[in-house]
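**Student:** My questions will all concern the structure given below.
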Amino acid sequence: MIKSVIKKALGLFIIFSPFTSYFAISSWLRLPVLLLLGVFIIFSIKILYRKKIPKRLIFSLDSSDIILLFLFISITASVIINGKGLNHLLAYGFSFFMYFVFLKKIIDFEKIPYLFILRMFAISAFICGVIIILDWTLINFFSIGFRKYFVTVDHRISNMLYFTKGYFITVGGVAEEPGSMAILINIIFPLGLLYTKLKARYGTFLLLLTIYILSLFCLFSVAGIVGAFISSAIVIFFHFINTKQTVRIKARNLFYLLIISTILLLTSTYVFIRYFDTVKNTLAGQIKDISNKVFLSDEDMSADLRHSTWNSAISNWQEHPIWGNGPGDGINRYGSGYHSVYLTLLADTGIISFIFFLFFLFFLFLKLNSIPVLYRNYLFIGYFSSIIHFAVIGDFYHAPFWLLLLTINLIYKNENIHSHASV
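Written as C-alpha coordinates, this is what we have:
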(Lines of atoms letter the chains of each structure in order from A and count residues from 1; the text may use other names and numbers.)
(Lines give C-alpha, C1' and ligand atoms only; values in the text may rest on other atoms or scores of the structure.)
Protein backbone atom coordinates (compact mmCIF):
# COMPACT_ATOMS: atom_id res chain seq x y z
CA MET A 1 0.00 0.00 0.00
CA ILE A 2 2.71 2.46 1.07
CA LYS A 3 4.83 1.43 -1.92
CA SER A 4 1.95 2.39 -4.21
CA VAL A 5 1.69 5.79 -2.49
CA ILE A 6 5.45 6.36 -2.82
CA LYS A 7 5.32 5.46 -6.49
CA LYS A 8 2.43 7.85 -7.13
CA ALA A 9 4.17 10.63 -5.19
CA LEU A 10 7.34 10.04 -7.18
CA GLY A 11 5.34 10.12 -10.41
CA LEU A 12 3.84 13.51 -9.49
CA PHE A 13 7.31 14.83 -8.67
CA ILE A 14 8.67 13.75 -12.06
CA ILE A 15 5.67 15.12 -13.98
CA PHE A 16 5.90 18.52 -12.31
CA SER A 17 9.71 18.63 -12.04
CA PRO A 18 9.94 21.36 -14.75
CA PHE A 19 7.45 23.60 -12.87
CA THR A 20 10.10 25.84 -11.31
CA SER A 21 7.97 28.97 -11.68
CA TYR A 22 4.34 27.85 -11.53
CA PHE A 23 2.80 27.40 -8.06
CA ALA A 24 5.98 28.44 -6.21
CA ILE A 25 5.62 29.49 -2.58
CA SER A 26 8.92 31.38 -2.42
CA SER A 27 12.16 31.72 -4.38
CA TRP A 28 13.40 28.53 -2.68
CA LEU A 29 10.19 26.55 -2.14
CA ARG A 30 9.31 25.67 -5.72
CA LEU A 31 6.72 23.05 -6.60
CA PRO A 32 9.30 20.30 -7.44
CA VAL A 33 10.99 20.85 -4.06
CA LEU A 34 7.69 20.52 -2.21
CA LEU A 35 6.74 17.37 -4.10
CA LEU A 36 10.15 15.81 -3.52
CA LEU A 37 9.91 16.55 0.20
CA GLY A 38 6.55 14.78 0.12
CA VAL A 39 8.21 11.69 -1.40
CA PHE A 40 10.86 11.68 1.32
CA ILE A 41 8.32 12.14 4.12
CA ILE A 42 6.21 9.20 2.90
CA PHE A 43 9.31 7.03 2.47
CA SER A 44 10.61 8.01 5.92
CA ILE A 45 7.27 7.03 7.48
CA LYS A 46 7.56 3.65 5.80
CA ILE A 47 11.10 3.10 7.10
CA LEU A 48 10.18 4.21 10.63
CA TYR A 49 7.19 1.88 10.57
CA ARG A 50 9.58 -1.00 9.84
CA LYS A 51 11.54 0.01 12.99
CA LYS A 52 14.76 -0.94 11.24
CA ILE A 53 16.76 1.10 8.76
CA PRO A 54 18.33 -1.12 6.08
CA LYS A 55 22.12 -0.71 5.94
CA ARG A 56 22.13 -0.27 2.17
CA LEU A 57 20.11 2.92 2.54
CA ILE A 58 22.94 4.48 4.53
CA PHE A 59 26.21 2.88 3.49
CA SER A 60 25.75 1.94 -0.16
CA LEU A 61 27.37 4.50 -2.46
CA ASP A 62 28.36 4.00 -6.07
CA SER A 63 31.20 5.79 -7.86
CA SER A 64 29.07 8.73 -9.04
CA ASP A 65 27.84 9.29 -5.47
CA ILE A 66 31.41 9.36 -4.18
CA ILE A 67 32.45 11.91 -6.81
CA LEU A 68 29.53 14.15 -5.82
CA LEU A 69 30.51 13.75 -2.16
CA PHE A 70 34.05 14.94 -2.90
CA LEU A 71 32.63 17.83 -4.94
CA PHE A 72 30.47 18.85 -2.00
CA ILE A 73 33.44 18.61 0.38
CA SER A 74 35.45 20.83 -1.95
CA ILE A 75 32.66 23.44 -2.10
CA THR A 76 32.37 23.24 1.70
CA ALA A 77 36.09 23.99 1.96
CA SER A 78 35.53 27.07 -0.21
CA VAL A 79 32.81 28.24 2.19
CA ILE A 80 35.02 27.73 5.23
CA ILE A 81 38.08 29.41 3.70
CA ASN A 82 36.12 32.40 2.37
CA GLY A 83 33.72 32.62 5.31
CA LYS A 84 30.65 33.05 3.11
CA GLY A 85 28.23 31.19 0.86
CA LEU A 86 26.49 28.89 3.36
CA ASN A 87 23.06 29.35 1.77
CA HIS A 88 24.48 28.48 -1.65
CA LEU A 89 26.24 25.45 -0.14
CA LEU A 90 22.86 24.22 1.08
CA ALA A 91 21.46 24.63 -2.45
CA TYR A 92 24.36 22.60 -3.87
CA GLY A 93 23.84 19.95 -1.21
CA PHE A 94 20.11 19.69 -1.89
CA SER A 95 20.76 19.16 -5.61
CA PHE A 96 23.53 16.61 -5.08
CA PHE A 97 21.96 14.50 -2.36
CA MET A 98 18.19 15.00 -2.48
CA TYR A 99 17.78 15.11 -6.27
CA PHE A 100 20.35 12.43 -7.00
CA VAL A 101 21.89 10.32 -4.22
CA PHE A 102 18.94 9.84 -1.84
CA LEU A 103 16.30 9.75 -4.56
CA LYS A 104 18.32 7.07 -6.34
CA LYS A 105 18.30 5.03 -3.12
CA ILE A 106 14.52 5.31 -2.81
CA ILE A 107 14.00 4.21 -6.42
CA ASP A 108 16.37 1.30 -5.91
CA PHE A 109 14.81 0.29 -2.57
CA GLU A 110 11.28 0.43 -3.98
CA LYS A 111 12.38 -1.35 -7.18
CA ILE A 112 10.74 1.26 -9.38
CA PRO A 113 11.50 0.47 -13.05
CA TYR A 114 13.00 3.04 -15.38
CA LEU A 115 10.05 2.57 -17.76
CA PHE A 116 7.83 4.17 -15.10
CA ILE A 117 10.18 7.17 -14.90
CA LEU A 118 10.25 7.50 -18.70
CA ARG A 119 6.44 7.31 -18.81
CA MET A 120 6.15 10.13 -16.27
CA PHE A 121 8.51 12.22 -18.40
CA ALA A 122 6.33 11.58 -21.46
CA ILE A 123 3.32 12.92 -19.55
CA SER A 124 5.35 15.88 -18.28
CA ALA A 125 6.55 16.70 -21.80
CA PHE A 126 3.01 16.65 -23.17
CA ILE A 127 1.67 18.90 -20.39
CA CYS A 128 4.54 21.39 -20.65
CA GLY A 129 4.36 21.46 -24.44
CA VAL A 130 0.62 22.11 -24.47
CA ILE A 131 1.04 24.96 -21.95
CA ILE A 132 3.85 26.54 -23.99
CA ILE A 133 2.00 26.35 -27.32
CA LEU A 134 -1.34 27.46 -25.83
CA ASP A 135 0.25 30.39 -24.01
CA TRP A 136 2.13 31.46 -27.17
CA THR A 137 -1.02 31.27 -29.31
CA LEU A 138 -3.20 33.18 -26.85
CA ILE A 139 -0.71 35.98 -26.18
CA ASN A 140 0.24 36.50 -29.83
CA PHE A 141 -3.17 36.23 -31.50
CA PHE A 142 -5.63 37.17 -28.76
CA SER A 143 -3.50 39.26 -26.35
CA ILE A 144 -4.50 36.90 -23.55
CA GLY A 145 -1.73 35.83 -21.18
CA PHE A 146 -2.40 33.43 -18.33
CA ARG A 147 1.14 33.14 -16.97
CA LYS A 148 0.60 35.92 -14.41
CA TYR A 149 -2.09 33.86 -12.66
CA PHE A 150 0.42 31.13 -11.80
CA VAL A 151 3.49 33.28 -11.07
CA THR A 152 2.52 35.65 -8.28
CA VAL A 153 5.10 35.37 -5.48
CA ASP A 154 7.97 37.76 -6.24
CA HIS A 155 10.31 38.85 -9.00
CA ARG A 156 13.01 36.43 -7.88
CA ILE A 157 10.90 33.53 -9.07
CA SER A 158 10.29 34.88 -12.55
CA ASN A 159 12.20 37.69 -14.20
CA MET A 160 9.73 37.94 -17.06
CA LEU A 161 6.11 37.37 -17.97
CA TYR A 162 6.47 37.69 -21.73
CA PHE A 163 9.34 38.76 -23.92
CA THR A 164 9.13 40.50 -27.30
CA LYS A 165 11.19 38.89 -30.06
CA GLY A 166 10.76 41.54 -32.74
CA TYR A 167 7.81 40.07 -34.63
CA PHE A 168 6.17 37.92 -31.97
CA ILE A 169 6.04 37.44 -28.20
CA THR A 170 7.88 34.48 -26.75
CA VAL A 171 6.78 32.67 -23.58
CA GLY A 172 8.49 31.17 -20.56
CA GLY A 173 6.47 27.99 -20.21
CA VAL A 174 6.33 26.73 -16.62
CA ALA A 175 9.88 27.86 -15.79
CA GLU A 176 11.42 31.27 -15.10
CA GLU A 177 11.99 32.39 -18.68
CA PRO A 178 12.47 30.92 -22.20
CA GLY A 179 16.12 29.95 -21.69
CA SER A 180 15.54 28.01 -18.47
CA MET A 181 12.44 26.35 -19.95
CA ALA A 182 14.37 25.35 -23.06
CA ILE A 183 16.94 23.32 -21.14
CA LEU A 184 14.14 21.51 -19.35
CA ILE A 185 12.22 20.52 -22.49
CA ASN A 186 15.49 19.39 -24.09
CA ILE A 187 15.64 16.86 -21.25
CA ILE A 188 12.04 15.79 -20.73
CA PHE A 189 11.03 15.47 -24.39
CA PRO A 190 13.85 13.08 -25.43
CA LEU A 191 13.07 10.92 -22.37
CA GLY A 192 9.37 10.98 -23.22
CA LEU A 193 10.14 10.11 -26.84
CA LEU A 194 12.28 7.21 -25.64
CA TYR A 195 9.29 5.83 -23.73
CA THR A 196 7.00 5.97 -26.77
CA LYS A 197 9.74 4.33 -28.85
CA LEU A 198 10.20 1.49 -26.36
CA LYS A 199 6.43 0.94 -26.20
CA ALA A 200 6.16 1.13 -30.01
CA ARG A 201 3.56 3.90 -29.89
CA TYR A 202 4.50 5.55 -33.15
CA GLY A 203 1.53 7.89 -33.41
CA THR A 204 2.22 9.23 -29.91
CA PHE A 205 5.91 9.48 -30.81
CA LEU A 206 5.20 11.73 -33.80
CA LEU A 207 2.70 13.80 -31.81
CA LEU A 208 5.23 14.35 -29.01
CA LEU A 209 7.97 15.14 -31.52
CA THR A 210 5.74 17.74 -33.22
CA ILE A 211 4.91 19.35 -29.85
CA TYR A 212 8.64 19.38 -29.02
CA ILE A 213 9.56 21.24 -32.20
CA LEU A 214 6.70 23.73 -31.82
CA SER A 215 7.65 24.31 -28.17
CA LEU A 216 11.23 25.17 -29.13
CA PHE A 217 9.88 27.71 -31.62
CA CYS A 218 7.43 29.24 -29.11
CA LEU A 219 10.20 29.62 -26.53
CA PHE A 220 12.74 30.70 -29.16
CA SER A 221 15.67 30.32 -26.80
CA VAL A 222 18.79 30.44 -28.96
CA ALA A 223 20.69 28.21 -26.52
CA GLY A 224 17.78 25.77 -26.46
CA ILE A 225 17.50 25.58 -30.25
CA VAL A 226 21.25 25.41 -30.86
CA GLY A 227 21.69 22.84 -28.08
CA ALA A 228 18.94 20.59 -29.45
CA PHE A 229 20.25 20.91 -33.01
CA ILE A 230 23.88 20.20 -32.13
CA SER A 231 22.97 17.32 -29.82
CA SER A 232 20.74 15.71 -32.45
CA ALA A 233 23.42 16.17 -35.12
CA ILE A 234 26.05 14.53 -32.89
CA VAL A 235 23.76 11.61 -32.13
CA ILE A 236 22.83 11.04 -35.79
CA PHE A 237 26.45 11.31 -36.94
CA PHE A 238 27.90 8.87 -34.41
CA HIS A 239 24.96 6.50 -34.70
CA PHE A 240 25.51 5.95 -38.42
CA ILE A 241 29.29 6.00 -38.13
CA ASN A 242 29.32 3.35 -35.38
CA THR A 243 26.50 1.12 -36.61
CA LYS A 244 26.94 1.65 -40.37
CA GLN A 245 23.22 1.22 -40.75
CA THR A 246 21.01 2.42 -43.52
CA VAL A 247 17.80 4.28 -42.83
CA ARG A 248 14.82 1.93 -42.70
CA ILE A 249 11.32 3.21 -42.10
CA LYS A 250 8.32 0.91 -41.65
CA ALA A 251 5.37 1.48 -43.96
CA ARG A 252 3.09 2.58 -41.12
CA ASN A 253 5.67 5.05 -39.81
CA LEU A 254 6.23 6.36 -43.33
CA PHE A 255 2.48 6.91 -43.69
CA TYR A 256 2.34 8.94 -40.46
CA LEU A 257 5.42 10.88 -41.50
CA LEU A 258 3.99 11.71 -44.91
CA ILE A 259 0.69 12.93 -43.42
CA ILE A 260 2.39 15.21 -40.90
CA SER A 261 4.92 16.46 -43.48
CA THR A 262 2.14 17.23 -45.96
CA ILE A 263 0.12 19.16 -43.35
CA LEU A 264 3.19 21.13 -42.26
CA LEU A 265 4.19 21.83 -45.86
CA LEU A 266 0.73 23.06 -46.87
CA THR A 267 0.37 25.17 -43.73
CA SER A 268 3.81 26.75 -44.06
CA THR A 269 3.25 27.41 -47.78
CA TYR A 270 -0.07 29.17 -47.09
CA VAL A 271 1.43 31.27 -44.30
CA PHE A 272 4.46 32.14 -46.44
CA ILE A 273 2.33 33.27 -49.40
CA ARG A 274 -0.35 34.99 -47.31
CA TYR A 275 2.08 36.83 -45.06
CA PHE A 276 5.16 37.03 -47.28
CA ASP A 277 6.60 40.33 -45.98
CA THR A 278 5.99 39.44 -42.33
CA VAL A 279 7.54 35.99 -42.73
CA LYS A 280 10.55 37.40 -44.59
CA ASN A 281 11.20 40.07 -41.95
CA THR A 282 10.63 37.60 -39.13
CA LEU A 283 13.12 35.08 -40.52
CA ALA A 284 15.70 37.79 -41.15
CA GLY A 285 15.23 39.14 -37.63
CA GLN A 286 15.49 35.75 -35.95
CA ILE A 287 18.57 34.74 -37.97
CA LYS A 288 20.21 37.99 -36.90
CA ASP A 289 19.16 37.37 -33.30
CA ILE A 290 20.75 33.91 -33.33
CA SER A 291 23.91 35.26 -34.94
CA ASN A 292 24.23 38.04 -32.36
CA LYS A 293 23.93 35.60 -29.47
CA VAL A 294 26.25 32.96 -30.89
CA PHE A 295 28.98 35.50 -31.66
CA LEU A 296 28.35 37.56 -28.48
CA SER A 297 27.59 40.74 -30.40
CA ASP A 298 27.24 43.94 -28.41
CA GLU A 299 24.05 44.60 -30.43
CA ASP A 300 22.30 42.03 -28.23
CA MET A 301 21.98 42.97 -24.55
CA SER A 302 21.97 39.37 -23.34
CA ALA A 303 25.02 38.40 -25.41
CA ASP A 304 26.91 41.54 -24.43
CA LEU A 305 26.14 40.91 -20.74
CA ARG A 306 27.45 37.36 -20.97
CA HIS A 307 30.60 38.50 -22.74
CA SER A 308 31.23 40.96 -19.91
CA THR A 309 30.48 38.60 -17.01
CA TRP A 310 32.48 35.75 -18.55
CA ASN A 311 35.56 37.97 -18.74
CA SER A 312 34.91 39.05 -15.15
CA ALA A 313 34.62 35.42 -14.04
CA ILE A 314 38.09 34.57 -15.37
CA SER A 315 39.54 37.69 -13.78
CA ASN A 316 37.85 37.01 -10.42
CA TRP A 317 38.91 33.35 -10.44
CA GLN A 318 42.55 34.40 -10.72
CA GLU A 319 42.19 36.16 -7.34
CA HIS A 320 41.76 32.78 -5.56
CA PRO A 321 42.30 30.00 -8.13
CA ILE A 322 42.31 26.99 -5.76
CA TRP A 323 39.19 27.51 -3.59
CA GLY A 324 37.54 30.40 -5.43
CA ASN A 325 35.91 33.44 -3.84
CA GLY A 326 33.10 31.56 -2.10
CA PRO A 327 29.77 30.19 -3.39
CA GLY A 328 27.48 33.00 -4.50
CA ASP A 329 30.29 35.54 -4.87
CA GLY A 330 29.41 36.18 -8.52
CA ILE A 331 25.79 36.94 -7.61
CA ASN A 332 26.92 39.25 -4.81
CA ARG A 333 29.16 41.16 -7.23
CA TYR A 334 26.97 41.34 -10.32
CA GLY A 335 23.43 40.53 -9.19
CA SER A 336 22.77 37.94 -11.87
CA GLY A 337 26.06 36.08 -11.51
CA TYR A 338 28.36 34.85 -14.27
CA HIS A 339 25.71 33.34 -16.60
CA SER A 340 27.64 30.08 -16.88
CA VAL A 341 27.59 26.99 -14.68
CA TYR A 342 31.22 26.21 -15.47
CA LEU A 343 32.53 29.71 -14.83
CA THR A 344 30.38 30.04 -11.71
CA LEU A 345 31.93 26.89 -10.25
CA LEU A 346 35.40 28.00 -11.30
CA ALA A 347 35.26 31.55 -9.97
CA ASP A 348 33.09 30.89 -6.90
CA THR A 349 34.41 27.52 -5.70
CA GLY A 350 37.80 27.13 -7.38
CA ILE A 351 39.61 24.83 -9.75
CA ILE A 352 39.30 21.72 -7.55
CA SER A 353 35.49 21.85 -7.45
CA PHE A 354 35.44 22.65 -11.16
CA ILE A 355 37.52 19.54 -11.96
CA PHE A 356 35.34 17.33 -9.73
CA PHE A 357 32.21 18.54 -11.52
CA LEU A 358 33.70 17.89 -14.97
CA PHE A 359 34.85 14.47 -13.80
CA PHE A 360 31.33 13.71 -12.55
CA LEU A 361 29.84 14.66 -15.93
CA PHE A 362 32.48 12.61 -17.76
CA PHE A 363 31.85 9.59 -15.52
CA LEU A 364 28.13 9.74 -16.33
CA PHE A 365 29.04 10.06 -20.01
CA LEU A 366 31.04 6.82 -19.80
CA LYS A 367 28.03 5.06 -18.28
CA LEU A 368 25.75 6.54 -20.91
CA ASN A 369 28.07 5.48 -23.70
CA SER A 370 28.01 1.85 -22.53
CA ILE A 371 24.24 1.30 -22.52
CA PRO A 372 22.36 -0.05 -25.58
CA VAL A 373 22.18 2.29 -28.56
CA LEU A 374 18.37 2.54 -28.51
CA TYR A 375 18.46 4.19 -25.08
CA ARG A 376 21.70 6.03 -25.68
CA ASN A 377 20.55 8.05 -28.67
CA TYR A 378 17.68 9.71 -26.78
CA LEU A 379 19.58 10.15 -23.53
CA PHE A 380 22.49 11.68 -25.44
CA ILE A 381 20.24 14.52 -26.63
CA GLY A 382 19.22 15.43 -23.09
CA TYR A 383 22.79 15.04 -21.81
CA PHE A 384 24.57 16.99 -24.57
CA SER A 385 21.99 19.77 -24.75
CA SER A 386 22.30 20.21 -20.97
CA ILE A 387 26.09 20.51 -20.89
CA ILE A 388 25.95 22.88 -23.89
CA HIS A 389 23.27 25.01 -22.22
CA PHE A 390 25.25 25.10 -18.97
CA ALA A 391 27.76 27.32 -20.75
CA VAL A 392 25.22 30.17 -20.85
CA ILE A 393 23.14 29.73 -17.68
CA GLY A 394 24.34 30.17 -14.12
CA ASP A 395 22.94 27.24 -12.11
CA PHE A 396 22.16 23.55 -12.37
CA TYR A 397 19.55 23.21 -9.62
CA HIS A 398 16.89 22.03 -12.09
CA ALA A 399 15.36 18.70 -11.03
CA PRO A 400 14.97 17.27 -14.59
CA PHE A 401 18.75 17.44 -15.09
CA TRP A 402 19.42 15.33 -12.02
CA LEU A 403 16.57 12.99 -12.92
CA LEU A 404 18.20 12.55 -16.33
CA LEU A 405 21.47 11.52 -14.68
CA LEU A 406 19.56 9.27 -12.28
CA THR A 407 17.81 7.61 -15.22
CA ILE A 408 21.16 7.03 -16.93
CA ASN A 409 22.40 5.30 -13.76
CA LEU A 410 19.24 3.22 -13.50
CA ILE A 411 19.32 2.02 -17.12
CA TYR A 412 23.06 1.35 -16.88
CA LYS A 413 22.59 -0.76 -13.76
CA ASN A 414 19.59 -2.61 -15.19
CA GLU A 415 21.29 -3.44 -18.47
CA ASN A 416 24.44 -4.62 -16.67
CA ILE A 417 22.33 -6.97 -14.55
CA HIS A 418 20.67 -8.36 -17.67
CA SER A 419 23.99 -8.79 -19.49
CA HIS A 420 25.54 -10.66 -16.53
CA ALA A 421 22.47 -12.84 -16.19
CA SER A 422 22.67 -13.88 -19.84
CA VAL A 423 26.34 -14.91 -19.66
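Start counting the sequence shown at 0; every next residue gets the next number (numbering that gives the first Met the number 0).
Note that the Cβ used here is the ideal one computed from N, Cα and C, for glycine as well.
The model shown is predicted, which means the values in this text are computed figures rather than measured ones.
If you follow the alpha helix (DSSP H) that residue 39 is in, where does it begin and where does it stop?
**Tutor:** Looking at the DSSP string, the run of the alpha helix (DSSP H) that includes residue 39 is 30–49.
**Student:** Skipping 5 residues on each side, what residues in its chain have a beta carbon closer than 7 angstroms to that of residue 222?
**Tutor:** Result list for residue 222: 178, 181, 388, 391, in chain order.
**Student:** If the criterion is Cβ atoms closer than 9 angstroms, does the pair residue 326 and residue 348 meet it?
**Tutor:** For residue 326 and residue 348, yes; Cβs fall inside 9 angstroms.
**Student:** Tell me the residue span of the alpha helix (DSSP H) that contains residue 371.
**Tutor:** Note, residue 371: premise wrong, no alpha helix (DSSP H); not H, not E.
**Student:** To the nearest angstrom, report how far apart residue 228 and residue 385 are at their CA atoms.
**Tutor:** Cα to Cα, the separation comes out at about 12 angstroms.
**Student:** According to DSSP, is residue 406 part of a helix, a strand, or is it coil?
**Tutor:** Helix, per DSSP.
**Student:** Between 135, 322, 36, 364, which lies nearest to residue 97 when the distance is taken from Cα to Cα?
**Tutor:** Of the candidates 135, 322, 36, 364, the one whose C-alpha sits nearest the C-alpha of residue 97 is 36.
**Student:** Measuring CB to CB, does residue 126 end up less than 9 angstroms from residue 224?
**Tutor:** In this structure, residue 224 does not lie closer than 9 angstroms to residue 126 by Cβ.
**Student:** Between which two residues does the alpha helix (DSSP H) holding residue 108 run?
**Tutor:** Taken as a continuous stretch (DSSP letters only), the alpha helix (DSSP H) holding residue 108 covers 102–108.
**Student:** Give a yes or no on whether the C-beta atoms belonging to residue 411 and residue 366 are separated by under 9 angstroms.
**Tutor:** It is a contact, given that the beta carbons lie within the stated cut-off.
**Student:** Comparing alpha-carbon positions, which option in 39, 90, 362 lies nearest residue 394?
**Tutor:** Looking at the Cα atoms, 90 is the closest of the given residues.
**Student:** Do the CB positions of residue 382 and residue 407 come within less than 9 angstroms of each other?
**Tutor:** Against a cut-off of 9 angstroms, the Cβ pair of residue 407 and residue 382 comes out as a contact.
**Student:** Thinking C-alpha only, which one of 210, 149, 184, 409 is nearest residue 380?
**Tutor:** Of the listed residues, the one whose Cα sits closest to residue 380 is 184.
**Student:** Below 8 angstroms CB to CB, which residues in the same chain sit around residue 62 once its five sequence neighbours on both sides are set aside?
**Tutor:** Excluding positions up to five away in sequence, the list reads 362.
**Student:** What is the DSSP secondary structure of residue 168, counted as helix, strand or coil?
**Tutor:** Looking at residue 168 - three-state DSSP - the assignment turns out to be strand.
**Student:** Taking the alpha helix (DSSP H) that residue 77 belongs to, which residues open and close that run?
**Tutor:** Run containing residue 77: 62–81, per the alpha helix (DSSP H) assignment.
**Student:** Between the Cα of residue 220 and the Cα atoms of 161, 190, 12, which residue gives the shortest distance?
**Tutor:** Considering only alpha carbons, the answer is 161.
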